[in-house]
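Taken in sequence, the protein lines are chains F and W. All residue numbers for the first sequence refer to this note's numbering, where the first residue is 4 and numbers rise by one. All residue numbers for the second sequence refer to this note's numbering, where the first residue is 6 and numbers rise by one. Even glycine gets a Cβ: it sits at the ideal position worked out from N, Cα and C. Just so it is clear, the structure is predicted and the values come from calculations on it, not from any experiment. Just below is one structure, and these are the notes that go with it.
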Amino acid sequence: MASGGGDVKLIGAWPSPFVLRARIALNIKSVGYEFLQEQLGTKSELLLKSNPVHKKIPVLIHGGRPICESLIIVQYIDEVWTSSGPSILPSDPYDRAIARFWAAYIDDKWFPTFSSIPKLQEQEAKVAAVQQVYEGLLLLEEAFIKCSKGKSFFGGDHIGFLDIALGGFLGWMRVTEKMFNLKVLDESKTPNLCKWAESFAANNAVKDVLPETEKLIEFAKIRFKPPSAD
Amino acid sequence: MEEVKLLGTWSSPFSYRVLWALELKGIPYQYTEEDLYNKSPFLVKCNPVHKKIPVLVHGGKPICESMVILEYLDGPWPHNPLLPSDPYERAVARFWAKFADDKGTVIWTMFRSTGEEQKEAVKGSLEMLRTIEDLALGDKKFFGGERIGMVDLAFGALAHWLGVFEEIVGIRLLEPESFPRLHKWTKNFKEEPAIKENLPDKDKMLSNFRCLREKLLASP
């Protein structure tokens, strides 16, 4: 049941893992929206007006009012469209706190290290960063076992907040694996997360919006062109 | 009623965010002062990932990260809510709380640096204060409206710690003429009984942070 098609706009770009989080949440709640894609290298007037503080995507515009920051958008979607899909945040306050804790860990600690890998020139630094990424995923593997309670997702039977927080990066994890010839999600280290990734990618709310790895690689080659050697 | 414990330190604004929230909601709690140079086994057990304070322990279950704790408290204790009830207002509150966390570190950088690095941090701090002044507060008494809310607590360091840092480094950032709304907010915030009665002693802070700055500048 789609709702609010004219009322809901999402400013974003298809390669962005943060924009993907918002799209997945909208899909979970079957909310129709206009996807306003920003062009690489420029920022639209609407974006600058809607997010004057950070000038970043995603921005959700609902009834003319902007909401910024991907996980804040996800929580907003959950709190507005309460009856058109399963809950995204857990119902128990303690479980909510755990989900928020790990989402903060992913954004504040894990992602900065993960995104530094392609930028590091020195092999030693690269190896250290990759090691840190693995350590983080091991923690998330443990968190998955606790949160999922034997089900397919961090959220249990349905995709939840923490699934969305981590899952947004799935495409880029696959890109990193292909471009740097290493395993990010390794069956020998994080078997549960590997299985989770398959379930997540196949989910109805995800499969049509998760960018194809090959397309992301093409994008990465343009976006992250290394500086020319002197 | 299940027991509430707070692991914190007397000089941390993050610790105070939670302490203030507990006081504002009238939640009884047991406070433990942690020694961060000699972390207790209990702290490490409660927060194995970061080994940091504050940690709230409710009925034996630990919650870490000050903003995660603040979001948690409205659940079991809905009175005197820290967040508004309207989803859009909640999104705005969360935005500014995140801003406080992400941008607030520039003030710490100003405090612990010298030379070019400090100059950049001063510039960044002024930009941050300008954003808050122009976009976050409006004409409300508090960020939360008529009552103190989560955003006020998130910005609490500006009301008490910033003045101490300014005095130690000899740089004035929060000038009343430049930031009239924010300046008025710091006064209103510190006049609230729950806050006023729970502020670390200014002289103790000056001495402690002066010492800390010397240590930080001396180490490589």
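Which residues in the same chain as residue i place their Cβ atom closer than 7 angstroms to its Cβ, once the five residues preceding and following it in sequence are excluded?
{"i": "F/Met4", "result": "In this predicted model, F/Met4 has a pLDDT of only 39, less than 50, meaning its place in the structure is not dependable; the value taken from the coordinates is given anyway. Excluding sequence neighbours, F/Met4 sits near Ser33 and Ser87."}
{"i": "F/His57", "result": "Cys71"}
{"i": "W/Val49", "result": "Lys56"}
{"i": "F/Asp98", "result": "none"}
{"i": "W/Lys108", "result": "Met133"}
{"i": "F/Lys210", "result": "Ala204"}
{"i": "W/Arg186", "result": "Glu138 and Leu142"}
Which word fits residue i, buried or exposed, when buried means at least 16 other C-beta atoms lie within 10 angstroms of its C-beta?
{"i": "F/His65", "result": "buried"}
{"i": "F/Asp233", "result": "Interpretation of F/Asp233 is limited by its pLDDT of 45, a score under 50 that renders its predicted location unreliable; the figure taken from the coordinates is listed afterwards. Classification for F/Asp233: exposed."}
{"i": "F/Glu72", "result": "buried"}
{"i": "W/Cys51", "result": "buried"}
{"i": "F/Thr179", "result": "buried"}
{"i": "W/Val60", "result": "buried"}
{"i": "F/Ser6", "result": "Residue confidence for F/Ser6 is low, a pLDDT of 47 falling below 50, so the modelled location carries little weight and cannot support an answer."}
{"i": "F/Asn54", "result": "buried"}
{"i": "W/Met72", "result": "buried"}
{"i": "W/Pro18", "result": "buried"}
{"i": "F/Arg68", "result": "exposed"}
{"i": "W/Leu221", "result": "exposed"}
{"i": "W/Tyr42", "result": "exposed"}
{"i": "F/Asp81", "result": "buried"}
{"i": "W/His63", "result": "buried"}
{"i": "W/Met6", "result": "exposed"}
{"i": "F/Val130", "result": "exposed"}
{"i": "W/Arg135", "result": "exposed"}
{"i": "F/Gly8", "result": "Any reading at F/Gly8 needs caution, since the residue's pLDDT is 46, under 50, leaving its predicted position unreliable; the model's value is listed next. With fewer than 16 other Cβ atoms within 10 Å, it is exposed."}
{"i": "W/Phe194", "result": "buried"}
{"i": "W/Pro46", "result": "exposed"}
{"i": "F/Asn184", "result": "exposed"}
{"i": "W/Glu182", "result": "exposed"}
{"i": "W/Cys216", "result": "exposed"}
{"i": "W/Thr110", "result": "exposed"}
{"i": "F/Pro194", "result": "exposed"}
{"i": "F/Gln78", "result": "buried"}
{"i": "W/Ser130", "result": "buried"}
{"i": "F/Pro93", "result": "buried"}
{"i": "W/Gly65", "result": "exposed"}
If I measure Cβ to Cβ from residue i and keep anything under 8 angstroms in the same chain, skipping five residues before and after, which residues do I get?
{"i": "W/Leu167", "result": "Ile112, Leu178 and Leu179"}
{"i": "W/Asn203", "result": "Tyr21, Leu24, Trp25 and Glu28"}
{"i": "F/Arg103", "result": "Phe164"}
{"i": "W/Val54", "result": "Cys69"}
{"i": "F/Ser239", "result": "The question about residue 239 of chain F has no answer here: the residues shown for chain F are numbered 4 through 233."}
{"i": "W/Ala199", "result": "Trp25, Glu28, Leu29 and Ile153"}
Which residues in chain F sit within 7 angstroms of residue i, going by Cβ to Cβ distance?
{"i": "W/Val73", "result": "Ala100, Arg103, Phe104 and Ala107"}
{"i": "W/Phe184", "result": "What W/Phe184 touches in chain F: nothing, since even the nearest Cβ is about 17 angstroms away."}
{"i": "W/Pro3", "result": "Because chain W is modelled from 6 through 225, residue 3 of chain W falls outside the range shown and cannot be assessed."}
If you drop the 5 nearest sequence neighbours on each side, which residues of the same chain put their C-beta closer than 6 angstroms to that of residue i?
{"i": "F/Ser119", "result": "Ala132"}
{"i": "F/Pro89", "result": "His161"}
{"i": "F/Gly171", "result": "Pro20, Leu23 and Arg24"}
{"i": "W/Tyr34", "result": "Val9, Leu11 and Leu27"}
{"i": "F/Asn30", "result": "Ala208"}
{"i": "W/Thr114", "result": "Ala126"}
Rounded C-beta distance between residue i and residue j? I'm assuming under 8 angstroms.
{"i": "F/Leu39", "j": "F/Arg226", "result": "About 19 angstroms separates the two Cβ atoms, so there is no contact after all."}
{"i": "F/Gly158", "j": "F/Leu165", "result": "7 angstroms"}
{"i": "F/Ile27", "j": "F/Ile167", "result": "5 angstroms"}
{"i": "F/Ile14", "j": "F/Val62", "result": "4 angstroms"}
{"i": "F/Val219", "j": "F/Pro18", "result": "Before going on, a small fix: residue 219 of chain F reads as Leu here, not Val. With 8 angstroms as the limit, F/Leu219 and F/Pro18 qualify as a contact, their Cβ atoms being about 6 angstroms apart."}
{"i": "F/Glu37", "j": "F/Lys59", "result": "About 19 angstroms separates the two Cβ atoms, so there is no contact after all."}
{"i": "F/Gly153", "j": "F/Thr216", "result": "Actually they do not touch by this definition, with Cβ atoms about 29 angstroms apart."}
{"i": "F/Leu140", "j": "F/Leu74", "result": "In fact, because the Cβ distance is near 19 angstroms, the residues do not count as touching under 8 angstroms."}
{"i": "W/Pro92", "j": "F/Val136", "result": "Not really, about 34 angstroms apart at Cβ, beyond 8 angstroms."}
So which residues of chain F does residue i contact, with C-beta pairs closer than 8 angstroms?
{"i": "W/Leu140", "result": "Pro55 and Val56"}
{"i": "W/Glu76", "result": "Arg99, Ala100 and Arg103"}
{"i": "W/Glu70", "result": "Arg103, Phe104 and Ala107"}
{"i": "W/Lys66", "result": "Tyr97"}
Mind pulling the chain W residues with CB within less than 8 angstroms of residue i?
{"i": "F/Ile120", "result": "Ordered by position in chain W, no residue passes the 8 angstroms Cβ test against F/Ile120, which lies about 21 angstroms from the chain."}
{"i": "F/Ile75", "result": "Ala96, Arg99, Phe100 and Lys103"}
What residues from chain F crowd round residue i, counting only those whose CB sits closer than 9 angstroms?
{"i": "W/Thr136", "result": "Pro55 and Val56"}
Going along chain W in order, which residues have a C-beta closer than 9 angstroms to the C-beta of residue i?
{"i": "F/Gln78", "result": "Pro92, Arg95, Ala96 and Arg99"}
Please list the partners that residue i has in chain W, where partner means a Cβ-to-Cβ separation under 7 angstroms.
{"i": "F/Cys150", "result": "Simply none; closest approach about 14 angstroms."}
{"i": "F/Arg68", "result": "Tyr93"}
{"i": "F/Val22", "result": "By Cβ distance, chain W contributes nothing, its closest Cβ being about 17 angstroms from F/Val22, past 7 angstroms."}
{"i": "F/Glu82", "result": "Pro92 and Arg95"}
{"i": "F/Glu72", "result": "Phe100 and Lys103"}
*Taking any Cβ of chain F, which residues in the region 83–100 of chain W have a Cβ under 7 angstroms from it, in chain order?*
Pro92, Tyr93, Arg95, Ala96, Arg99 and Phe100
*Taking Cβ-Cβ distances below 7 angstroms as the criterion, which residues of the region 34–63 of chain W are in contact with chain F?*
Val54
_Where the region 120–131 of chain W meets chain F: residues whose CB sits under 8 angstroms from a CB there_ = none
*Compile a chain-ordered list of the residues in the region 198–220 of chain W whose CB is closer than 8 angstroms to at least one CB of chain F.*
Residues: none.
*asked:* Residues of the region 132–166 of chain F in Cβ contact with chain W at a cutoff of 9 angstroms, in chain order, please.
replied: In summary, the residues of the region 132–166 of chain F whose CB is separated from some CB of chain W by less than 9 angstroms are Leu142, in the order they occur in the chain.
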